[in-house]
Amino acid sequence: MLEPKFNFFTSINKRKSKTAIRFYNILVLTLLCFTFENCVSYLWHLGTGQLDILLKRKPIPSVLQDSNTKEELKIKLQEVETFREYGIKELSLNPSAGFKSFVQLDRKEIGWHVTACYPLKLESYTWWFPIAGTVPYKGYFDLDKAKEEEKELKGKGLDTRIRVTAGYSTLGWFEDPIFSSQIEDTKPYEVASLVFHEMAHATVYFPGDSIFNESYASFVEEEGVFHFLESVEGKESPIKKEILLKKEESQKLKKLLVTTANKLRTLYDSDLNDKKKLEDKKRILEEFKNSLLVSKEEFKTIRIEKLASKNWNNEDFVGYIRYHSGSDFFQKEFERAGSNFAKFHERMKTLVHLSNEERKELLFSNPNKNE
6 MLEPKFNFFT SINKRKSKTA IRFYNILVLT LLCFTFENCV SYLWHLGTGQ LDILLKRKPI
66 PSVLQDSNTK EELKIKLQEV ETFREYGIKE LSLNPSAGFK SFVQLDRKEI GWHVTACYPL
126 KLESYTWWFP IAGTVPYKGY FDLDKAKEEE KELKGKGLDT RIRVTAGYST LGWFEDPIFS
186 SQIEDTKPYE VASLVFHEMA HATVYFPGDS IFNESYASFV EEEGVFHFLE SVEGKESPIK
246 KEILLKKEES QKLKKLLVTT ANKLRTLYDS DLNDKKKLED KKRILEEFKN SLLVSKEEFK
306 TIRIEKLASK NWNNEDFVGY IRYHSGSDFF QKEFERAGSN FAKFHERMKT LVHLSNEERK
366 ELLFSNPNKN E
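As structure tokens, this is what we get:
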């Protein structure tokens with residue numbers, strides 16, 4: 006395809022225009038955050054972290070053409086390009102999610118996020134931020150800052166957890182890159198999962214509704230990976246079979262988690278005093294860990310002994326449910342859309358007028374009721 010001649014001055018003006026828009030976005034967020042307690046210093050941390058990412062971004066084509074780029078990295082980045090194009094063309098995902106550039110980090114992780122839950126309620130502690138709305142996590146580019154946040158939350162008596170941030174999305178505000186930490190020591194289908202998940206966030210996202218957003222993205226991620234594998238390896242894809250085995254075991258684990266969560270919920274809703282509730286909470290969590298060890302022979306792909314040695318708390322149960330809810334609902338809606346991703350996404354967008362609670366009811370109810 007022939008391209009028009011390169012006009013230096015026109016190109017400069019376009020770059021200035023895009024840069025001006027980005028800095029305007031940052032300015033708006035800054036002014037908004039000045040009105041919220043403790044938000045300014047946190048926004049500064051995020052702003053400098055995002056700026057560092059912007060400055061380190063390199064277009065994937067230029068990295069591929071660089072003679073100094075290792076062959077292994079080239080293969081990984083070519084796979085990212087393939088997954089992105091597949092996501093756009095076959096899964097009808099929003100291309101604004103990015104993955105057109107690469108960032109080589111000087112650390113092993115993109116960042117870390119802190120989550121918390123009330124000690125006698127299966128309810129997340131939340132934060133409110135402009136654009137994102139109410140969210141049950143607070144992300145950091147610095148592990149020490151994340152630990153400081155966790156220490157403060159523990160001081161309030163909350164159940165807490167710090168986790169590695171695997172995905173990263175600015176919800177279309179910036180062109181999000183693929184990071185070195187996301188493709189090192191990962192299998193191709195794991196990278197595909199990441200790309201499809203983050204692109205799903207840029208396609209359908211309801212501010213403040215983390216349960217729906219994460220569950221929807223997880224469904225699109227899984228269904229998208231299955232479609233991709235079948236397009237490459239056929240219906241009998243060996244990798245798909247491997248994933249399905251992991252999914253089957255994940256469902257078994259989910260049953261144990263949900264059973265325990267229900268026991269905890271019943272306890273917290275009872276008329277017992279807080280001291281007795283805390284004692285019974287400890288007992289229920291110990292029983293859960295024992296049930297894991299008893300059933301360990303049923304698991305081949307999940308490290309049950311490691312899970313059983315973990316110091317479980319409320320946040321672990323709420324955090325798991327956040328990413329593993331409503332699969333039956335989404336599957337039914339996908340089938341109603343004729344297994345057509347474009348129609349499915351549009352169908353999900355119509356739920357924008359519902360409240361978070363109404364969408365939550367859909368996820369946990371019989372999908373056949375939603376005719």
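Per my numbering, the sequence shown starts with residue 6, numbered consecutively. Just so you know, even glycine gets a beta-carbon here, dropped at the ideal spot from N, CA and C. Since the structure is predicted, the reported quantities are computational estimates derived from the model, not experimental observations.
Asked	Found
As assigned by DSSP and simplified to three states, the class of Ile-115	coil
Sub-8 angstroms separation of Ser-330 and Ile-216 beta-carbons	yes
Short CB-CB distance (under 8 angstroms) between Ser-220 and chain C	Of the protein chains in the structure, only one exists, and it is not chain C.
Burial state of Asp-321, where buried means 16 or more other Cβ atoms lie within 10 Å	buried
Assumed close pair Ser-67, Pro-182 - CB separation to whole angstroms, cut-off 8 angstroms	The pair is not a contact, with the Cβ atoms about 13 angstroms apart (cut-off 8 angstroms).
Candidates Glu-363, Gly-213, Ile-248, Pro-212, of which the one nearest Gly-229 by Cα	Ile-248
Length of the line joining the Cα atoms of Tyr-142 and Asp-214	12 angstroms
Contact set for Gly-138: own chain, Cβ-Cβ below 7 angstroms, skip 5 residues either direction	Pro-212, Gly-213
Inter-residue spacing [alpha-carbon to alpha-carbon] between Pro-9 and Pro-64	Confidence is the limiting factor: at Pro-9 the pLDDT is only 31, short of 50, which leaves the residue's position unreliable, though a coordinate-based value still follows. Using only the alpha carbons, I get a separation of about 21 angstroms.
Rounded straight-line distance, which links the Cα of Trp-117 to that of Lys-152	9 angstroms
Inter-residue Cα distance where the pair is Val-299 and Glu-180	47 angstroms
Cα-Cα separation, Ala-171 to His-202	11 angstroms
Assigned secondary structure, Lys-143 (DSSP; H/G/I helix, E/B strand, else coil)	strand
Where the beta strand (DSSP E) containing Val-108 begins and where it ends	103 to 108
Other residues of its chain near Ile-289: CB distance less than 8 angstroms, five sequence neighbours each side excluded	Thr-265, Lys-268, Leu-269, Leu-272
Arg-166 in three-state terms, based on DSSP	strand
Residues of its chain near Phe-304, where Cβ-Cβ distance is below 8 angstroms and the 5 sequence neighbours each way are ignored	Glu-254, Lys-257, Leu-258
Where Thr-306 falls: helix, strand or coil (DSSP)	coil
8 angstroms contact criterion, which Thr-175 and Asn-99 should meet: CB distance rounded	Contact flag wrong, Cβ pair sits at about 13 angstroms.
Continuous alpha helix (DSSP H) assignments of at least 4 residues falling wholly in the segment 297 to 369	309 to 313, 319 to 328, 332 to 341, 346 to 354, 361 to 369
Paired residues, beta bridge with Ile-183 - DSSP	Phe-107
Boundaries of the beta strand (DSSP E) in which Phe-134 is found, first to last residue	132 to 134
Neighbour-count burial assignment, Ser-186, 16 or more Cβ in a 10 Å radius	buried
DSSP-derived helix/strand/coil call for Ser-129	strand
Three-state secondary structure assigned by DSSP to Pro-212	coil
Contacts around Phe-233, its chain only, beta-carbon distance under 7 angstroms, and the 5 residues preceding and following it disregarded	Tyr-91, Ala-197
Cutoff 6 angstroms; reference Phe-293; Cβ partners in own chain excluding five residues on either side	Thr-265
Inter-residue spacing [alpha-carbon to alpha-carbon] between Lys-286 and Trp-317	10 angstroms
Nearest to Leu-51 (by Cα), restricted to the options Lys-79, Asp-279, Glu-128, Asp-147	Asp-147
From Phe-334, Glu-77, Gly-324, Leu-48, residue whose alpha carbon lies closest to that of Glu-189	Glu-77
First and last residue of the uninterrupted alpha helix (DSSP H) at Asn-267	243 to 273
For Pro-379, three-class secondary structure by DSSP	No answer is possible for residue 379: it lies beyond the span of the chain, which begins at 6 and ends at 376.
6 angstroms Cβ shell around Leu-312 - same chain, five flanking residues per side excluded	Leu-297
7 angstroms Cβ shell around Glu-302 - same chain, five flanking residues per side excluded	none
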